[in-house]
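Numbering (this note's numbering), first residue to last: 234 to 414. All residues carry an ideal CB built from backbone N, CA and C; glycine is no exception.
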Ligand code: UDP
């Protein structure tokens, strides 16, 4: 993550990477919905969010997955790296007030954490350009996008073309609800 943030700041990474998670329902939708399949195929990094995927990979893959990556665990590692390396996070998603509460909790747990912007996930198409301008103005390195699947994957791919300078768009489902509760 940090390496990509440095590359994006230095102009070496001009398009954000989309990082998403797979679980049982993502895989089921992948097989049932051609549009979603095409979107998932464009994702840059796809985590395995669930031990069943790790077990299946041991049975069927020449190079099995080493571990599961749950966003709810990864967020703490990401926050530690962000504090250490001075990275900026932006939270976009969930009902009004939820991501702000999650941000407050994470700032308390990780002093020095820079969550530079927070916005709820119930915005209109007309508001999108303004939100992108805000994300860029705040020098965001990692955009955490929690709108639920499949909307978040589709939007993450669309935003790639609008957010040069951002290193990662980290799709995160219901993470803000989890962190705020
Ligand atoms: N959400 C949103 N905008 C919408 C629809 C949903 O921000 O237009 C949020 C919702 O409030 C919740 C998250 O998206 O915080 C979806 O969470 P869920 O656990 O259903 O997502 P999953 O991880 O299953 O994809």
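**Message:** Looking at the strands, I want to know which residues DSSP matches up with residue 324.
**Reply:** 351 and 377
**Message:** Just to confirm the assignment, what range does the beta strand (DSSP E) spanning residue 413 have?
**Reply:** Looking at the DSSP string, residue 413 is not in any beta strand (DSSP E); the run it does join, the alpha helix (DSSP H), is 408 to 413.
**Item:** Any non-hydrogen atom of the ligand UDP closer than 6 angstroms to residue 334 Cβ
**Value:** no
**Asked** So residue 350 packs on residue 323, CB below 8 angstroms; how close in whole Å?
**Response** 4 angstroms
**Prompt:** Would the C-beta of residue 257 count as close to the ligand UDP, meaning under 6 angstroms from any of its heavy atoms?
**Reply:** no
**Asked** Just to check, is the beta-carbon of residue 380 closer than 6 angstroms to a non-hydrogen atom of the ligand UDP?
**Response** yes
**Request:** Given a cut-off of 7 angstroms, decide if residue 400 and residue 253 are closer than it, judged by their beta-carbon atoms.
**Result:** no
**Message:** Are there any heavy atoms of the ligand UDP lying less than 6 angstroms away from the beta-carbon of residue 355, as far as the coordinates show?
**Reply:** yes
**Asked** Relative to the ligand UDP, is the shortest distance from any of its heavy atoms to the C-beta of residue 406 smaller than 6 angstroms?
**Response** yes
**Message:** Could you check whether residue 375 and residue 426 sit closer than 7 angstroms to each other, using their CB atoms as the reference points?
**Reply:** With the chain running from 234 to 414 in the structure shown, residue 426 is simply not present.
**Prompt:** Straight-line CA distance for residue 267 to residue 303?
**Reply:** 25 angstroms
**Asked** Where do the ends of the beta strand (DSSP E) carrying residue 306 lie?
**Response** Looking at the DSSP string, residue 306 is not in any beta strand (DSSP E); the run it does join, the alpha helix (DSSP H), is 304 to 318.
**Message:** Quick check on this structure: which residue in 248, 258 and 367 has the alpha carbon closest to the alpha carbon of residue 348?
**Reply:** 367
**Asked** What span of residues does the beta strand (DSSP E) with residue 404 cover, start to end?
**Response** 401 to 404
**Asked** Is the number of C-beta pairs between the stretch 262 to 277 and the stretch 372 to 387 that are closer than 8 angstroms three or more?
**Response** yes
**Request:** Enumerate in chain order the residues of its own chain whose CB-to-CB distance from residue 292 is below 6 angstroms, with the five nearest sequence positions on each side excluded.
**Result:** none
**Prompt:** DSSP three-state call for residue 246: helix, strand or coil?
**Reply:** coil
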